[in-house]
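A short worksheet on the structure shown next.
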């Protein structure tokens, strides 16, 4: 068992149960009343932040939202795009109307011609279909009861509130499993959409929308194994399949869980605890095998569809190797940490210099977070492992992306976008929440979250921004 393998800190004692937990109904180990109140509060935060952004910033994101919207639209009829698939006429029309509304501030859509984005291809077909199918089917179903027409993109964006709420709720439960007091767990969950990249991903149609949920779910699996000593393989299998079926990179956190379990197996083998070795190796093997099965199955199926000898029209894929292959591909090893919170894309109506300043502050904290938890934990304890796994996971994203680009085109990315590490944002926040809970920093934590909430809400409403985001910072905000 992991109890005989990992060290324990004196700060890792379980939180005493609340009085209403004795003899009362519980959900996921939480008293029913508290669970419902927390869920209602998180739902209110998610809907407020997403709906304001969707209403005030109609134009499509420059991070390929048009092709992503087309994928969701086609998936809503269970017709997946393939190599060379053109953007559907309905999406081209809505694309024009959204951009026009964002420019003029008017809701009326006039002047559209069939030449707008004619020949534009949907080059997002290589992403697995789960996010697009779920969002597309929900958007099409809701469209039936919404007055008017041509609102698939708007509804698809609003559905981001569901993805965000689920991420916040699962993250809350994960933090509780990591023995954070419920107040700190709730504050950590509210903190998620205060990270500009997380908010941006949940207010647009993009396969990054479920990234925070996938990262939180992987954390929950890790906590169940390391702390609750629940070593079954069914939940890890389900989380792996669902995460990797939304986007390959969204499955990275659960792969890091497998790596942690591999480490646990090695430590157990040194202590000759063969039962712990077998359990850890089994769960790690299930995770790796199921991730590989989803990736290979989807890649193989899509490889045989569409235009033969297709060339990606997106010219920003990569650049030719200029020197040492290892040097070029490792050049971005820690770049994701450098811009972990500052590399995002929000439309001008909901962005501002206050958001840039806030994001820059978060980047400083995020770089320190895993090291803070490792320092505050005993070596080989679960806290130490969580900090180490977070650091390795965020860093490994750059290597994975570079290998993908090299395998596809024998090229490399000059700068790997920190957006690719979105699924690890819950892990970084978890490090901060666990440290805050151990040190009993309740006022500091709630005050910091309150400040962040005020900054983001006021910016979304356009009430306090200190002016537009500086043009000089756009290289950090978009990737």
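In this note's numbering, the protein residues as written are 1 to 479.
Built from N, CA and C at the ideal position, the CB exists for glycine as well.
Beta carbon of residue i nearer than 9 angstroms to that of residue j
| i | j | result |
| --- | --- | --- |
| residue 75 | residue 137 | yes |
| residue 362 | residue 53 | no |
| residue 178 | residue 42 | no |
| residue 436 | residue 216 | no |
| residue 352 | residue 459 | yes |
| residue 128 | residue 245 | yes |
| residue 220 | residue 38 | no |
| residue 94 | residue 142 | no |
| residue 67 | residue 124 | yes |
| residue 176 | residue 411 | no |
| residue 534 | residue 148 | Residue 534 falls outside the range modelled here, since the chain spans only 1 to 479, and no answer is possible. |
| residue 382 | residue 194 | no |
Chain-order list of residues whose beta-carbon lies under 6 angstroms from that of residue i (same chain, five-residue window excluded)
| i | result |
| --- | --- |
| residue 429 | 188, 191 |
| residue 56 | 349, 350 |
| residue 133 | 75 |
| residue 202 | 50, 160, 163, 164, 209 |
| residue 243 | 214, 250, 251, 254 |
| residue 455 | 354, 358 |
| residue 329 | 402, 412 |
DSSP three-state assignment for residue i, whether helix, strand or coil
| i | result |
| --- | --- |
| residue 381 | strand |
| residue 96 | helix |
| residue 412 | strand |
| residue 204 | coil |
| residue 342 | coil |
| residue 463 | coil |
| residue 397 | helix |
| residue 247 | coil |
| residue 254 | helix |
| residue 77 | coil |
| residue 347 | coil |
| residue 404 | helix |
| residue 59 | coil |
Straight-line Cα distance separating residue j from residue i
| i | j | result |
| --- | --- | --- |
| residue 355 | residue 71 | 30 angstroms |
| residue 445 | residue 285 | 38 angstroms |
| residue 79 | residue 298 | 14 angstroms |
| residue 233 | residue 170 | 19 angstroms |
| residue 385 | residue 263 | 9 angstroms |
| residue 461 | residue 63 | 22 angstroms |
| residue 235 | residue 416 | 31 angstroms |
| residue 424 | residue 390 | 7 angstroms |
| residue 131 | residue 418 | 21 angstroms |
| residue 283 | residue 271 | 19 angstroms |
| residue 379 | residue 266 | 15 angstroms |
| residue 84 | residue 468 | 38 angstroms |
| residue 336 | residue 398 | 7 angstroms |
| residue 107 | residue 60 | 15 angstroms |
| residue 1 | residue 296 | Interpretation of residue 1 is limited by its pLDDT of 47, a score under 50 that renders its predicted location unreliable; the figure taken from the coordinates is listed afterwards. If you take the alpha carbons of residue 1 and residue 296, they lie about 33 angstroms apart. |
| residue 224 | residue 341 | 28 angstroms |
7 angstroms CB neighbourhood of residue i in its chain, flanking five on each side removed
| i | result |
| --- | --- |
| residue 58 | 98, 101, 102 |
| residue 16 | In this prediction, residue 16 scores a pLDDT of 49, lower than 50, which makes its location untrustworthy; the coordinate-derived value is nonetheless stated afterwards. For residue 16, where only same-chain residues beyond five positions count, there are no Cβ hits under 7 angstroms. |
| residue 413 | 318, 332, 401, 402, 405 |
Burial state of residue i, where buried means 16 or more other Cβ atoms lie within 10 Å
| i | result |
| --- | --- |
| residue 238 | exposed |
| residue 332 | buried |
| residue 313 | exposed |
| residue 183 | exposed |
| residue 35 | buried |
| residue 6 | buried |
| residue 19 | Low per-residue confidence applies at residue 19: pLDDT is 47, beneath 50, and the placement is therefore not dependable enough to give any value. |
| residue 325 | exposed |
| residue 366 | buried |
| residue 81 | buried |
| residue 89 | exposed |
| residue 476 | In this prediction, residue 476 has a pLDDT of 42, which is less than 50 and means its spatial position is unreliable; what the coordinates show is noted afterwards. Its Cβ being crowded by 16 or more others within 10 Å, residue 476 is buried. |
Beta carbon proximity, residue i to chain D, threshold 9 angstroms
| i | result |
| --- | --- |
| residue 203 | Given the protein chain composition of this structure (a single chain), no chain D is represented. |
Proximal residues to residue i (C-beta, below 8 angstroms), its chain only, five neighbours per side dropped
| i | result |
| --- | --- |
| residue 86 | 119, 120, 121, 122 |
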